[in-house]
Amino acid sequence: MNFIKSFWRFIQKIQSFVGTFLFLIILVIFSAFILSTVVFDGPAEKIKPEHSALVISFRGAIVEQEAYSDDPYQQLLSGGLKANTLLRDVVKTIELAALDDDISTLVLNFDKFSGAYPSKLHYIGQKISEFKKTGKKVISYASQYDQSAYLLASYSDEIYLHPQGAVLLYGYGSYQNYFQGFLTKIKAEVQLFRVGKYKSAMEPFIRSDMSDEARLENIELYGGLWDQYISRISTERAISEDVIRNGIENADQLLMDLGGDFGKLAFDNSLVDGLKTRAQWVSYMQELVGKGKDDKGINQIGYKSYLASNSALSELRGTFAKGHDIIAVVYATGTIMDGTMPQGTVGGDTLSRQLREARFDDDVKAVVLRVDSPGGSAFASEIIRQEVLLLKRAGKPVVVSMGSVAASGGYWISANADEIWASPTTITGSIGIFGAVPNLEGTLGAIGITTDGVATSPLIAAGFSKPLPQKLKNIIQSNIENGYQRFLELVAEGRHMTVEQVNEIGQGRVWTGLKAKEIGLVDQLGNIDQAILSAADMAELKDYKVVYWEDEIPLELQVLAKLFNGEGQSLAKMATKTKQPAQILMDRILDKLSLFNMMNDPNNAYVLCVNCMGGFNSEY
108 MNFIKSFWRF IQKIQSFVGT FLFLIILVIF SAFILSTVVF DGPAEKIKPE HSALVISFRG
168 AIVEQEAYSD DPYQQLLSGG LKANTLLRDV VKTIELAALD DDISTLVLNF DKFSGAYPSK
228 LHYIGQKISE FKKTGKKVIS YASQYDQSAY LLASYSDEIY LHPQGAVLLY GYGSYQNYFQ
288 GFLTKIKAEV QLFRVGKYKS AMEPFIRSDM SDEARLENIE LYGGLWDQYI SRISTERAIS
348 EDVIRNGIEN ADQLLMDLGG DFGKLAFDNS LVDGLKTRAQ WVSYMQELVG KGKDDKGINQ
408 IGYKSYLASN SALSELRGTF AKGHDIIAVV YATGTIMDGT MPQGTVGGDT LSRQLREARF
468 DDDVKAVVLR VDSPGGSAFA SEIIRQEVLL LKRAGKPVVV SMGSVAASGG YWISANADEI
528 WASPTTITGS IGIFGAVPNL EGTLGAIGIT TDGVATSPLI AAGFSKPLPQ KLKNIIQSNI
588 ENGYQRFLEL VAEGRHMTVE QVNEIGQGRV WTGLKAKEIG LVDQLGNIDQ AILSAADMAE
648 LKDYKVVYWE DEIPLELQVL AKLFNGEGQS LAKMATKTKQ PAQILMDRIL DKLSLFNMMN
708 DPNNAYVLCV NCMGGFNSEY
């Protein structure tokens, strides 16, 4: 017994030592962060050189909001806090640079760019076009241009490519894995309840191929987006659409004729203005804007340093003193889920609180709701919509600005706004609803796990381990049908249409913003700038501040972002490289199944466009 007590005291001492050691490490890290904030993020001197190039190096994806997890440990395990490019930072940078005599040239670099939805690219492209009107030059350079990068680069005066690089244009499409056969083999099923002819969100779990309805919808959606893509490239590069399409459709033969030289193919087809190695690129830029410090590199400034040195930063909540008339920009970015959620996911309670705070703030005269969401929980969507209605009743105009995606629940929360703006390439609509409950009884049974018990009524389910009782299935289906009817009614009310008219264009179908304008789902085509101007006009404001109405990211997560941003991602990449094909396949399956982790609606009713969640890369 004495031995056990002594051993336990020893363990406690070790625990205490380890705890103290970890605390000291955290203290040092925290102190370093505070010091770096004071030294590097304090009042900045004028650091931009005269007549320099402003370089925007796109990193990761272009996003509306920085996403983070409220669990730092989990965030780190998943690959760290991802380095992305904030849309409004890029837009603000270009606007400021257009008026800055010290900036003579705008340079776009895409070597670390991972893509973006077309609407974001066109929005930045519009700002680039406005920049060019000042007489300043815009130049793009990359080792390789994928489809997203090239769309944005096409707005440049000059496009340069590394001789060993390529311009990869491949069109839009949708290919996904279907799991019906797999689920059958493991004796599992997904119990699906849905309304809407085109509501194909859960098709991968109940079919082995794409339905005719989903195929028709995708053909029209991607065809419309691709037409807009080709048209923009044709306009900006002064190349006929036929030449562009021919170059894509016959790329194999054209490439073989050139001996497999991708760079020459891009140059011969006028997609780029020249082929330059990195050394040649630096030399060329030195001729345009001069050499950098100590005659090395280029006379340039990065866009983040430029923003940090400029007093006209994007307005954040709490930046301005009371007394200004404010237009609050509130973000609905990510999947809509019930409850409180961190930034990057739309928490029903979180967003409702932000809208409520804007309603009770006397300085806020109007609200622009920026929606970039494929939807999610029907209950959470309705909670948010109610706050939109309360804002309107309080006499504060609400204007919705749709980002890349405002579908299903994203449209649910938008429908009753005073006005809806969308980009021509916004994906919206998907007015439909579904419920899904997995049944793993067969899977568990195959490994010897069974489920048994008693209940006081036939309405009690046994989680995922047994099929739902028929009476409960009837209740869920009835609730889904009621939810769809409710969806139709609120859209009809908000858009001044009949329920029958909404049902005709509903059925779970998605549309481009251009088409949505034609059928009455949106009021105007334009970006967030125009939506803000419209909100100001509705509120009869002449002098006002635009404030981004966001919650402050917790300090500990800011610390983690500074410490682990690169390292976490590097570790994740290293882990990926060591995976075997079977592991990669299993990860893909688990990733698809993780969709159920986003389903926390208390009534198992979801207004979610799953096809809208994937991003706009090679397969979307």
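Counting from 108, one number per residue, gives the positions in the sequence shown under this note's numbering.
We put the beta carbon where it would ideally sit given N, CA and C, even for glycine.
Asked, Found
"Pull up the distance between the alpha-carbon of Ile201 and that of Pro504, whole angstroms please.", "29 Å"
"How big is the Cα-Cα spacing for Thr535 and Ser164?", "30 Å"
"What is the residue span of the alpha helix (DSSP H) that Trp388 lies within?", "385-396"
"If contact is defined by three or more beta carbon pairs under 8 Å, each pair taking one atom from either stretch, is the stretch 639-646 in contact with the stretch 560-571?", "no"
"With 16 as the cutoff for other CB atoms within 10 Å, does Pro311 come out buried or exposed?", "buried"
"When the Cα atoms are used, what is the spatial distance from Arg616 to Leu332?", "15 Å"
"Have a look at Gly510 and Ala439 and give me their C-alpha separation to the nearest angstrom.", "10 Å"
"Would Ser530 and Gly620 qualify as a contact pair, given that the criterion is a beta-carbon distance under 7 Å?", "yes"
"Taking the alpha-carbon positions, what's the Phe128 to Ala543 distance?", "Annotation note: pLDDT 46 at Phe128 (below 50); position unreliable, coordinate value reported separately. Cα to Cα, the separation comes out at about 48 Å."
"Do you know offhand how far Asn546's Cα is from Trp656's?", "41 Å"
"For Ser480 and Ser488, what's the separation of their Cα atoms in angstroms?", "11 Å"
"Would you decide whether Met363 is buried or exposed? Buried here means 16 or more other CB atoms lie within 10 Å of its CB.", "exposed"
"Whose C-beta lies closer than 8 Å to the C-beta of Thr557 among residues of the same chain, with five residues either side of it excluded?", "Leu551"
"Going by other Cβ atoms of all chains shown within 10 Å of its Cβ, with 16 needed for buried, is Val717 buried or exposed?", "buried"
"One question on the structure: do Leu597 and Ala522 come within less than 7 Å of each other, judged by their Cβ atoms?", "yes"
"Run through DSSP, which three-state label would Arg593 get?", "helix"
"Closest by CA to Leu462, which one among Ile554, Phe486, Val495?", "Val495"
"Determine the closest residue to Glu625 out of Gly455, Ala646, Arg602, with distance taken between C-alpha atoms.", "Arg602"
"Are the CB atoms of Val654 and Ile491 within a distance shorter than 7 Å?", "no"
"Can you list, in chain order, the residues of its chain with a C-beta nearer than 8 Å to that of Gly622? Leave out the 5 residues immediately preceding and following it.", "Checking the displayed sequence, the identity of residue 622 turns out to be Lys instead of Gly. Excluding sequence neighbours, Lys622 sits near Gly331."
"If contact is defined by three or more beta carbon pairs under 8 Å, each pair taking one atom from either stretch, is the stretch 203-217 in contact with the stretch 234-243?", "yes"
"DSSP puts Asn216 in a beta bridge; with which residues?", "Ser164, Tyr248"
"How should Leu420 be labelled, buried or exposed, when 16 other C-beta atoms within 10 angstroms of its C-beta is the threshold for buried?", "With a pLDDT of 48 at Leu420, under the threshold of 50, the modelled position of this residue cannot be trusted; read the value that follows with caution. Exposed is the call here."
"Hey, how far is the Cα of Gln271 from the Cα of Asp380?", "15 Å"
"Does the beta-carbon distance from Tyr267 to Tyr248 come in below 7 Å?", "yes"
"Assign Tyr713 to one of two classes, buried (16 or more other C-beta atoms within 10 Å of its C-beta) or exposed (fewer than that).", "buried"
"Could you say which of Glu157, Cys719, Lys472 lies nearest to Lys78 if we only look at CA atoms?", "No answer is possible for residue 78: it lies beyond the span of the chain, which begins at 108 and ends at 727."
"I'd like the list of long-range same chain contacts for Glu348, defined as Cβ closer than 6 Å, with 5 residues on each side in sequence excluded.", "Ile337, Ser341"
"How close, in whole Å, do the beta carbons of Gln393 and Ser159 come, if the pair is a contact with beta carbons under 8 Å?", "That pair is no contact at about 12 Å."
"Quick one, which of Glu157, Glu171, Tyr175 has its alpha-carbon nearest Met448's?", "Tyr175"
"Fully enclosed by the stretch 428-489, which alpha helix (DSSP H) runs are 4 residues long or longer?", "455-467"
"Please classify Ser390 as buried or exposed, where buried requires at least 16 neighbouring CB atoms within 10 angstroms.", "exposed"
"Can you tell me where the alpha helix (DSSP H) holding Arg344 begins and where it ends?", "319-344"
"Can you give me the C-alpha to C-alpha distance between His229 and Arg195, rounded to a whole angstrom?", "13 Å"
"Given a cut-off of 7 Å, decide if Ala465 and Ala435 are closer than it, judged by their beta-carbon atoms.", "yes"
"Measure how close the beta-carbons of Val302 and Ile587 come, nearest whole angstrom, since I'm counting them as under 8 Å.", "6 Å"
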